[in-house]
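This report concerns only the one structure given below.
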Amino acid sequence: MMRIFFCLVIWLASASNIFAASSENDGKLDVTGTIMHHVSDSHEWHIISFKKGTEKEINITLPLPVILLHEGFYVFSSSKFKGGKVVQIGDNYVVYEHGHVYLTNSEGHLEISEEKEITNSKPMLDISITRNVASMLMGVALLIWFFGSAARGYSKRGGLSVPKGVQTLVEPIVLFLRDSIVSEQIYDNRKADFFMP
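Everything in the sequence shown is counted per the numbering used here, starting at 3 for the first residue and increasing by one.
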């Protein structure tokens, strides 16, 4: 089980876009633009990009669900937006532009103001699972699995036994929090132990 966990962590670390590719702007490196592009929210999870020979760049992405509430409840994959396509939801049409979903006509016309901002209205409620939300859900799942397996080990072997497996990593963290942080902030040790496992 631990091998599967470590393989998953290594795969996620290598597949994520931790190392941002540099973008050129008039011969100068646009560091801010590159960083903001990689940390901004999106309706898809970019896994890897590569070039096959002299062909154009191939992007492998994981489309995430788009959940809209506008004169009805609509759920569909963000892959329907590929290539700037217009998606029909009921009697309305929506298009995806710069990380947001906008209402539009059947041709996908977007109205742009003098400040170069899109002025089309947005759906009443967009509760889509975006890249940031998917990252948080994955982190919560890993923490529940991690601390749950440590808790199961303590319940099987008892709290005073020698830690094994995941417990060997969890126990020093819990002891550090209890002894160095909680006990220092709450002067009565009996109350400090009440707030820690």
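Virtual Cβ for every residue (Gly too), placed ideally from N, Cα, C.
Model, not experiment: these values are computed from the prediction.
Integer Cβ distance of residue i from residue j, believed to fall under 8 Å
i           : j           : result
residue 88  : residue 77  : Between residue 77 and residue 88 the Cβ distance is about 18 Å, and since that is not below 8 Å, they are no contact.
residue 136 : residue 66  : 6 Å
residue 124 : residue 156 : With 8 Å as the limit, residue 124 and residue 156 do not qualify as a contact, their Cβ atoms being about 48 Å apart.
residue 185 : residue 168 : Rounded, the Cβ-Cβ distance is 24 Å, inconsistent with contact.
residue 51  : residue 60  : 7 Å
residue 190 : residue 132 : Not confirmed; about 44 Å, so no contact.
Three-state secondary structure (DSSP) of residue i
i           : result
residue 181 : helix
residue 46  : strand
residue 63  : strand
residue 87  : coil
residue 168 : coil
residue 123 : coil
residue 30  : strand
residue 53  : strand
Limits of the alpha helix (DSSP H) - the one that residue i falls within
i           : result
residue 107 : Careful: residue 107 lies outside any alpha helix (DSSP H) and carries neither H nor E.
residue 146 : 133-159
Neighbour-count burial assignment, residue i, 16 or more Cβ in a 10 Å radius
i           : result
residue 170 : exposed
residue 196 : exposed
residue 91  : buried
residue 100 : exposed
residue 6   : exposed
residue 46  : buried
residue 181 : exposed
residue 172 : buried
residue 108 : exposed
residue 163 : exposed
residue 70  : buried
Residues that residue i bridges to, as DSSP identifies them
i           : result
residue 99  : 102
residue 128 : 70
residue 114 : 120
Start and end residues, beta strand (DSSP E) containing residue i
i           : result
residue 189 : It is not in any beta strand (DSSP E) - residue 189 carries neither H nor E in the DSSP assignment.
residue 79  : 75-79
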